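**Q**
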Ligand code: SAH
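Numbering (the UniProt record's numbering), first residue to last: 1 to 261.
1. Within 10 angstroms of its Cβ, does residue 31 collect 16 or more other Cβ (buried), or is it exposed?
2. Check for me: the beta strand (DSSP E) holding residue 203 runs from which residue to which?
3. What first and last residue would you give for the alpha helix (DSSP H) that runs through residue 62?
4. Going residue by residue through the region 144-186, where are the continuous alpha helix (DSSP H) segments of at least 4 residues, counting only ones entirely within it?
5. Check the C-beta distance from residue 184 over to residue 147 and give it rounded, since I have them as a contact under 8 Å.
6. Over the uninterrupted alpha helix (DSSP H) stretch that includes residue 76, give me the two end residues.
7. Less than 8 Å separating the beta-carbons of residue 218 and residue 237?
8. Count the C-beta pairs between the region 196-208 and the region 127-134 that are closer than 8 Å, then say yes if the count reaches three, no if not.
9. Which of the three DSSP states is assigned to residue 110 in this structure?
10. Where do the ends of the alpha helix (DSSP H) carrying residue 251 lie?
11. If I measure Cβ to Cβ from residue 93 and keep anything under 7 Å in the same chain, skipping five residues before and after, which residues do I get?
12. Let me check you understand the geometry: is the CB of residue 130 closer than 7 Å to at least one non-hydrogen atom of ligand 1?
13. In whole angstroms, give me the CA-to-CA distance for residue 174 and residue 180.
14. Please tell me whether, using a cut-off of 7 Å, the distance from the CB of residue 105 to the nearest non-hydrogen atom of ligand 1 is below it.
15. Alpha carbon to alpha carbon, how far is residue 258 from residue 115?
Structure representation (structure tokens):
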């Protein structure tokens, strides 16, 4: 009987300490959930964190985020580690700070946007990357459109433009910088980049309050723009310009990006 009482008292102690920890577990879970949601350039979803660039691309494919083989091959050629700050985990599936209050978007956001745009990033196509930040996606785009294409990055923080150019020079898109097929410019992305317009594909890496008119007019008939739109709650909007110039758009998913200022 004494043994039963002793066992029961141990069970009660374990139960009581567990229930006193419950609010802590709950609040930690809530904090993690809120932190994940508030993290810029992200959506809620399966994590594709990895330990190498190749493994990261494989995880994005396995998780059905990266559905384009051509985009996957280009991502393999551009090492994300060249575009993050020193001592920053390059292949973790979350945005990472790149200085000046900006972030490189999470690998899953790069994967989704590349999948949405890959049909418009053929060899010879022209592509505009607004809010090019680290320059990672601009470099991937440039490899996809190749020697006869044109990839333009526009970023409003001059230090990031300089840093992105140095990052691109480290890798497999360096030759496209030399030939001028890839360029990055310090200017207001809301105005696009008229000198190389019109574009087959426009990617915007920061959330616009409304879709800038200049970007719509610089999109080729038959082209596609992917742009996060909204303030706190944002949608990743896909805009297709038909051959007659009319627009068709839909929301692909809810997202959380830094603002296009
Ligand atoms: N695709 C980039 C995203 C960087 S975050 C990457 O993965 O590296 C968004 C970027 O948009 C920031 O670098 C920010 O400085 C830039 N940005 C915000 N408003 C801008 C504007 N009006 N014109 C150009 N760049 C802008």
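Just so it is clear, CB atoms sit at the ideal spot from N, CA and C, and this is done for glycine as well.
If you're wondering where the values come from, they're calculated on a predicted model, not measured in any experiment.
**A** According to the structure shown:
1. For residue 31, the predicted model reports a pLDDT of 35, less than 50, meaning its position is unreliable; a value from the coordinates is still stated below. Per the 10 Å Cβ criterion, exposed.
2. 199-204
3. Counting along the chain, the unbroken alpha helix (DSSP H) around residue 62 starts and ends at 53-62.
4. 158-169, 174-178
5. About 18 Å; that fails the 8 Å criterion.
6. Note, residue 76: alpha helix (DSSP H), 69-77.
7. no
8. Counting C-beta pairs with one atom in each stretch, the region 196-208 and the region 127-134 have three or more that are closer than 8 Å, which means they touch.
9. helix
10. Where residue 251 is concerned, there is no enclosing alpha helix (DSSP H), although the beta strand (DSSP E) it sits in stretches over 247-255.
11. Excluding residues within five positions, the ones whose Cβ falls inside 7 Å are 47, 48, 49, 106, 107, 108.
12. Placement of the Cβ of residue 130 at a distance of less than 7 Å from at least one heavy atom of ligand 1 is found.
13. If you take the alpha carbons of residue 174 and residue 180, they lie about 10 Å apart.
14. yes
15. 21 Å
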